[in-house]
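Residue numbers for the sequence shown follow the numbering used here, so the first one is 1 and each next one is one higher.
Every residue gets a Cβ at the ideal spot worked out from N, C-alpha and C, and that includes glycine.
Down below is the structure, laid out as structure tokens.
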Amino acid sequence: MGKAEHLLDNRLQALAADAKGIAVAVWVNTLPRLQRGELWYEIGVGDPDRRRRRYPEPVGC
Numbered sequence: 001m002g003k004a005e006h007l008l009d010n011r012l013q014a015l016a017a018d019a020k021g022i023a024v025a026v027w028v029n030t031l032p033r034l035q036r037g038e039l040w041y042e043i044g045v046g047d048p049d050r051r052r053r054r055y056p057e058p059v060g061c
């Protein structure tokens with residue numbers, strides 16, 4: 001049997017805090033929620049303009 005759902009929620013919240021403002025999309029959910037048919041949700045994707053300022057693309061790409 002897996003972890004209690006409130007413990008999984010704590011892990012998701014910690015992951016969301018760590019992923020805040022990163023340059024890639026992170027999709028998360030817990031197994032109990034997936035088994036209930038709940039959808040994945042996205043964390044970690046910040047403002048695209050802010051991301052471009054932090055990680056400029058090379059000219060010509």
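DSSP places E42 within a strand segment (E or B) once states are collapsed to three. Spatial neighbours of P32 in its own chain (CB-CB distance under 6 Å, excluding positions within 5 residues in sequence) are listed in chain order as E5. If you ignore the 5 residues before and after V28, its C-beta comes within less than 7 Å of the C-beta of L12, L15, W40, Y41 and I43, all in its own chain and listed in chain order.
The C-beta separation of A17 from V26 comes to about 12 Å, leaving the pair out of contact by the 8 Å criterion.
Distance from the CA of N10 to the CA of D49, rounded to the nearest whole angstrom, comes to 30 Å.
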